[in-house]
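A.B. asks: Let me begin by handing over the structure; questions about it come next.
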Amino acid sequence: MANVVVVESPAKAKTIEKYLGSDFRVLASFGHVRDLPPKDGSVRPEEDFAMDWEADDRGQKQVRAIASALKGADRLYLATDPDREGEAISWHVQEMLQRQGALRGKKVARITFNEITKRAVQHAIAHPRELDTPLIEAYLARRALDYLVGFRLSPVLWRKLPGSRSAGRVQSVALRLICEREAEIESFVPREYWTVQARFATPSGAPFTARLTHHEGRKLDQFDLNDEAKAMRAKAAVEAGEFSVATVEKRRVRRHPPAPFQTSTLQQEASRKLGFGAQMTMRTAQSLYEGVEIGGETVGLITYMRTDGVQMAREAIQELRSHIKGAFGEDYIPAAPREYSSRAKNAQEAHEAIRPTDVSRTPEKVARYLSEQQRKLYELVWKRAVASQMQSAELDQTAVEIADRSGRTKLRATGSVIAFDGFLKLYKEDRDDAGDDDDETRILPPMREKDPLKRGEVTAEQHFTQPPPRYSEASLVKKMEELGIGRPSTYASILQVLQDREYVRLDRKRFVPEDRGRLVTAFLVSYFERYVDTGFTAGLEEQLDDISGGRADWRAVMRRFWEDFARALDGTSELKISDVIDRLDEELGPHFFPRQADDGTDPRLCPACNSGRLGLRLGRTGAFIGCSNYPECRYTRPLAVPGAEGESGGGFQEGIRVLGTDPASGEQVTMRRGPYGVYVQLGEGTTDAKGKAVKPRRASLPRGSDPEGMDLERALALLSMPRIVGVHPETAEEISSNLGRFGPYLKMGNLSKSLDRDDDPLTIGLNRAVALLADAKPRGLTLGEHPKGGGPVEVRRGRFGPFVMHGKRVANLPRGTEMEQVTLDEAVTLLAEKGKEMAPLKGRKGATKAKPAAKAAKGDAPAEAAPRKAPARKAAAAPAKKPAAKKPAAKKAPAAKKPAARKTAAAKKAG
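The structure is reproduced here in structure tokens:
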């Protein structure tokens, strides 16, 4: 073997190895092999932004495998994805291999291909290049920016606004867009307006409808008829007049096809046409890019799906034009190939648009090899790419102006006819801002000037202006792209983080900010306004683009950013929480205390004491609404707008909604809101024979579920979990789905696998379950009987890594050793040399021995009372790790450091 090729995923590795033959060995890096450790100091501005990198066990394992393969090889090809992240992964792999001395005497080359086809891969091998240093530096700058914002700004949030989760450089800007749109909706005041329409008939009797445009000799604006009286006068004027055709205007217009897909437009159109979320779209596109098995060969069906370019390779365009000619005829081919350029701000145009790798693989031909999601998305990509090179559609538009004899009352009728369908024969784009498309099919009867018209019914309709719509995934992605915020490849993860942090929720596929999200946004706008400003964030993206283009030094960009950002952080050091609450109370007052009537009632008046003023208050677990007369008045309510879920007027009544009665038990099924979210419950609980309370059966709603869509059937299905999915076709083991502490999951024997966000534990099918479990790792394996002591010797996956176990004796595996690699002899030796007796679950010294002993010494309780105290002490001590930072200052410093580390770890995903 003379060559080693490194790609990102194992699926690609198998396919590419077939293309290259026996002289190549293709290994996967499984994405990033190392990252910044989730702790303070991983990026050090004081050392000119020195950065520490750390590889996890998986990354070390993969690099060791690559180093081992290189021992007999001459050349290393770094073939990770053709984008910034891919360039960074190649750099990380090369750096780690160099540190291990695995590259001595080896030639290293970087190759990229936009599609996984034999032609593209072999062409890449024949045209290698060096790593793109400016692209890597742009990655370093972006990673440092995201880290510093996340790790320096998030702790400020935790200290000054308890209950908040994290802040991120791009995440916080996206959240601000959602919150500001919600504020627009809340402050929106609808305006009334009326329209007047009349039915007419031509001399031949053909009917059509026209709309009033001029009244009393003046052209009508939208709000000129703003009440019923004015509308009725206008209606009467139409009813009193005799009308004829004043003018007839005809013109032919051309509608051009949309550009082929890039990442953002694919997410938008898949959302609108297919109902796919951004995560589902990208995951499905990834599988189509990496390839599906067709005729015994794995074939990549589409080109790389993370791109902001809309241009296509010349040979691809020629293939599309040839296909169009054969399938639709020469009339559907434009005279010259169509050239597209992106209108998005900061577009790189570095890669091709998303297109089929072979246009001859029509959706109909490959449908039987694809899942339903793959089939729908491939058809969308294929049709869009083909349509982009088709002839424009032509429409004949007609506008007829109708006037009475005086010319003071005029109406207008419009219509259009598709004269030549062009690209519309194959594809029609959906748009969020698209209006009524009836004009494309509305045909006006033939008319000529001065033709008399017979008037029919006249109607006046009342309308009210509508507030701007909430952002959908598609419209938010479009807005972020227009503003130049973030990169297309990051949009899906940004939107997911906002939901995971419970800053926003999806309601009828629209983003609604949670009150926690509103508070975080108000805080950031008040104290870090520059860093959640769309213009500033877009400007940073432009600077990152300058770095990747070799036009700017990445450390100089970081220095300018850090100087101002550090000053902003220092400005909050003396900030009191009371000042923060007062400012947020003023900022969000109209949201939390909207006026319900115009009778002068103060919405902040406390309903309990009728004298206190309601306002924002802050507790250990977050913000709430409380009375100013505390402690005399202890009225509180959670953050919620009156009329929203959990409050009177809508959603759950007093936090409970009755769904129906269980036909089996006759007990009532309800939906409730608890401290950890929404759940369904069967009955109200009972007592056992000893009089001890027995809790009712409960089941949490899966993450992402819409409570408003919950019904009795689905609730009973949740309460009956686990659900049997089916029997594995190869192992004959039973597969079940269930809801666990960390969300829905699959289980088969000793294998378990968390479900993806778009998988429903109540409906997931056997094929999908088998595919997910293929990547699952067992929690434990039995290696055999102990040769001396008898009994099974097991290897298990623990919280701190894999370990071997015999009876109560355990021993950790050496660092970097996978549990599947351990033999029975090795396990027995390890247990003999390093084994320790496993402590019983209730044997924590600090909880069961030390505390009671101290009490006995003081004489507070007799010694025999200690065992009864132990469980209470243990229960109190268990959560101490998490809120330790909030305990009184008298505690020792180390107690505060431990939770700080946990919080900074959580900030890793910020941005």
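Residues 662 to 1572, numbered by the working numbering, are exactly what the sequence shown covers, in order. Using N, Cα and C, we set each Cβ at its ideal position, and we do this for glycine too. From a predicted model like this one, the values you see are computed outputs, not experimental measurements.
Could you pull out every unbroken alpha helix (DSSP H) segment of at least 4 residues lying fully inside the stretch 1010 to 1066, listed in chain order?
C.D. replies: 1024 to 1027, 1033 to 1048, all fully within the stretch 1010 to 1066.
A.B. asks: Using the beta-carbon count (16 or more within 10 Å), is P1268 buried or exposed?
C.D. replies: Numbered from 1 along the sequence shown, position 607 holds the residue referred to as residue 1268. Exposed, since its Cβ has fewer than 16 Cβ neighbours within 10 Å.
A.B. asks: Taking Cβ to Cβ, would you say L1407 is nearer than 9 angstroms to P1363?
C.D. replies: In the sequence shown, counting from the first residue as 1, residue 1407 sits at position 746. In the sequence shown, counting from the first residue as 1, residue 1363 sits at position 702. In this structure, P1363 does not lie closer than 9 angstroms to L1407 by Cβ.
A.B. asks: Count the other CB atoms within 10 Å of the CB of G1451; is the residue buried (16 or more) or exposed (fewer)?
C.D. replies: Residue numbering aside, residue 1451 sits at position 790 when the sequence shown is read from its first letter. By the 10 Å Cβ count, G1451 comes out exposed.
A.B. asks: Express the C-alpha separation of M943 and L1380 in angstroms, rounding to a whole number.
C.D. replies: The sequence position of residue 1380 within the sequence shown is 719, counting from 1. The sequence position of residue 943 within the sequence shown is 282, counting from 1. L1380 and M943: Cα-Cα distance of roughly 32 angstroms.
A.B. asks: Which one or two residues does DSSP pair with R1470 in a beta bridge?
C.D. replies: Numbered from 1 along the sequence shown, position 809 holds the residue referred to as residue 1470. According to DSSP, which records beta bridges pairwise, R1470 is partnered with H1467, E1498.
A.B. asks: Taking DSSP as the reference, what is the three-state secondary structure of M1141?
C.D. replies: Translated into the one-based positions of the sequence shown, residue 1141 becomes position 480. Helix at M1141.
A.B. asks: How far does the beta strand (DSSP E) with H917 in it reach, from first residue to last?
C.D. replies: Here residue 917 refers to the residue found at position 256 of the sequence shown. Per DSSP, H917 belongs to no beta strand (DSSP E) and is neither H nor E.
A.B. asks: Give a yes or no on whether the C-beta atoms belonging to L809 and V704 are separated by under 9 angstroms.
C.D. replies: Looking up residue 809 in the sequence shown gives position 148. Looking up residue 704 in the sequence shown gives position 43. Cβ distance < 9 angstroms, so L809 and V704 count as in contact.
A.B. asks: Could you tell me the alpha carbon to alpha carbon distance between S1154 and K1139, rounded to whole angstroms?
C.D. replies: Here residue 1154 refers to the residue found at position 493 of the sequence shown. Here residue 1139 refers to the residue found at position 478 of the sequence shown. Going by the C-alpha atoms only, they are around 15 angstroms apart.
A.B. asks: How big is the Cα-Cα spacing for E1033 and A931?
C.D. replies: Start at 1 with the first residue of the sequence shown, and residue 1033 comes out as number 372. Start at 1 with the first residue of the sequence shown, and residue 931 comes out as number 270. Approximately 14 angstroms between the Cα atoms of the pair.
A.B. asks: Where does the unbroken beta strand (DSSP E) through V665 begin, and where does it stop?
C.D. replies: Taking the sequence shown and counting its residues from 1, the one referred to as residue 665 is at position 4. 664 to 668 is the extent of the beta strand (DSSP E) around V665.
A.B. asks: Taking contact to mean 3 or more Cβ pairs, one atom from each stretch, closer than 8 angstroms, check whether the stretch 1027 to 1046 and the stretch 988 to 1006 are in contact.
C.D. replies: Flag = no, the stretch 1027 to 1046 and the stretch 988 to 1006 do not touch.
A.B. asks: Is it right to say L1105 is buried, meaning 16 or more other beta carbons lie within 10 angstroms of its own, or is it exposed?
C.D. replies: Looking up residue 1105 in the sequence shown gives position 444. By the 10 Å Cβ count, L1105 comes out buried.
A.B. asks: Looking at the C-beta of A920, does it have a partner C-beta in chain B at a distance below 9 angstroms?
C.D. replies: Absent from the structure is chain B; it holds one protein chain and no more.
A.B. asks: What are the start and end residues of each continuous beta strand (DSSP E) run of 3 or more residues lying completely inside the stretch 1141 to 1179, in chain order?
C.D. replies: The qualifying runs are 1165 to 1168, 1171 to 1174.
A.B. asks: For the 8 angstroms Cβ check, are there 3 or more pairs between the stretch 830 to 843 and the stretch 859 to 879?
C.D. replies: No, because fewer than three Cβ pairs between the stretch 830 to 843 and the stretch 859 to 879 fall closer than 8 angstroms, the two stretches do not touch.
A.B. asks: What does the alpha-carbon distance come out to for the pair D1372 and R725?
C.D. replies: What you label residue 1372 is simply residue 711 of the sequence shown in a count that begins at 1. What you label residue 725 is simply residue 64 of the sequence shown in a count that begins at 1. D1372 and R725: Cα-Cα distance of roughly 52 angstroms.
A.B. asks: Report yes if the CB atom of S729 is closer than 9 angstroms to the CB atom of L739, and no otherwise.
C.D. replies: Against the sequence shown, residue 729 aligns to sequence position 68. Against the sequence shown, residue 739 aligns to sequence position 78. Going by C-beta atoms, S729 is not nearer than 9 angstroms to L739.
A.B. asks: Would you say E910 and T773 are within 9 angstroms of each other, going by their C-beta atoms?
C.D. replies: Your numbering for residue 910 matches position 249 in the sequence shown. Your numbering for residue 773 matches position 112 in the sequence shown. The answer is no: Cβ separation not under 9 angstroms.
A.B. asks: Just verifying my parser: in three-state terms, what is the DSSP assignment at K934?
C.D. replies: Start at 1 with the first residue of the sequence shown, and residue 934 comes out as number 273. Looking at K934 - three-state DSSP - the assignment turns out to be helix.
A.B. asks: At which residues does the alpha helix (DSSP H) containing W752 begin and terminate?
C.D. replies: Against the sequence shown, residue 752 aligns to sequence position 91. Where W752 is concerned, the enclosing alpha helix (DSSP H) stretches over 745 to 760.
A.B. asks: According to DSSP, P1113 sits in a beta bridge with which residue or residues?
C.D. replies: Reading the sequence shown from its first residue, position 452 is the one you call residue 1113. Its beta-bridge partners are S905.
A.B. asks: Could you have a look at I1375 and say whether DSSP puts it in helix, strand or coil?
C.D. replies: Numbered from 1 along the sequence shown, position 714 holds the residue referred to as residue 1375. For the sequence presented, residue 1375 should be read as Arg rather than Ile. If DSSP states are grouped into helix, strand and coil, R1375 belongs with the helices.
A.B. asks: Tell me which same chain residues have a C-beta within less than 7 angstroms of the C-beta of M1141, skipping the five on either side of it?
C.D. replies: As a first step, residue 1141 is located in the sequence shown; it is residue number 480 there, counting from the start. Result list for M1141: A835, G1147, Y1152, in chain order.
A.B. asks: Would V687 be called buried (16 or more neighbouring beta carbons within 10 Å of its own) or exposed?
C.D. replies: Translated into the one-based positions of the sequence shown, residue 687 becomes position 26. So V687 ends up on the buried side.
A.B. asks: Hey, L737 and L764 are a contact pair by Cβ (cut 8 angstroms); roughly how many whole angstroms apart?
C.D. replies: Translated into the one-based positions of the sequence shown, residue 737 becomes position 76. Translated into the one-based positions of the sequence shown, residue 764 becomes position 103. At roughly 7 angstroms, the Cβ-Cβ gap stays under 8 angstroms, so L737 and L764 are in contact.
A.B. asks: Based on the DSSP output, what are the partners of K911 in its beta bridges?
C.D. replies: As a working mapping, residue 911 is identified with position 250 in the sequence shown. For K911, which the question treats as bridged, DSSP gives the partners T1059.
A.B. asks: Indicate the three-state DSSP secondary structure (helix, strand or coil) for I1286 in the structure shown.
C.D. replies: Within the sequence shown, residue 1286 is the residue found at index 625, counting from 1. Of the three classes helix, strand and coil, the one that applies to I1286 here is strand, per DSSP.
A.B. asks: Cα separation between V1489 and V831?
C.D. replies: By 1-based counting over the sequence shown, the position of residue 1489 is 828. By 1-based counting over the sequence shown, the position of residue 831 is 170. C-alpha separation (whole angstroms): 52 angstroms.
A.B. asks: Kindly identify the DSSP beta-bridge partner or partners of P1453.
C.D. replies: Taking the sequence shown and counting its residues from 1, one reaches residue 1453 at position 792. P1453 is bridged to E1446.
A.B. asks: Do L1249 and L1180 have their C-beta atoms within less than 9 angstroms of each other?
C.D. replies: Residue numbering aside, residue 1249 sits at position 588 when the sequence shown is read from its first letter. Residue numbering aside, residue 1180 sits at position 519 when the sequence shown is read from its first letter. Cβ atoms of L1249 and L1180: closer than 9 angstroms.
A.B. asks: State the start and end residues of the unbroken beta strand (DSSP E) segment that holds W855.
C.D. replies: Residue 855 sits at position 194 when you count from the first residue of the sequence shown. Element bounds for W855: 853 to 862.
A.B. asks: Beta-carbon within less than 8 angstroms of G1445's beta-carbon, same chain only, minus the 5 sequence neighbours each way: which residues are those?
C.D. replies: To locate residue 1445, count along the sequence shown from 1; it is residue 784. Contacts found: P1453, V1454, L1485.
A.B. asks: Where does Y1340 sit, in a helix, a strand or coil, going by DSSP?
C.D. replies: Against the sequence shown, residue 1340 aligns to sequence position 679. Three-state DSSP puts Y1340 in a strand.
A.B. asks: Pick helix, strand or coil for I839, following the three-state DSSP scheme.
C.D. replies: Taking the first residue of the sequence shown as position 1, residue 839 is located at position 178. I839 falls in the helix class under three-state DSSP.
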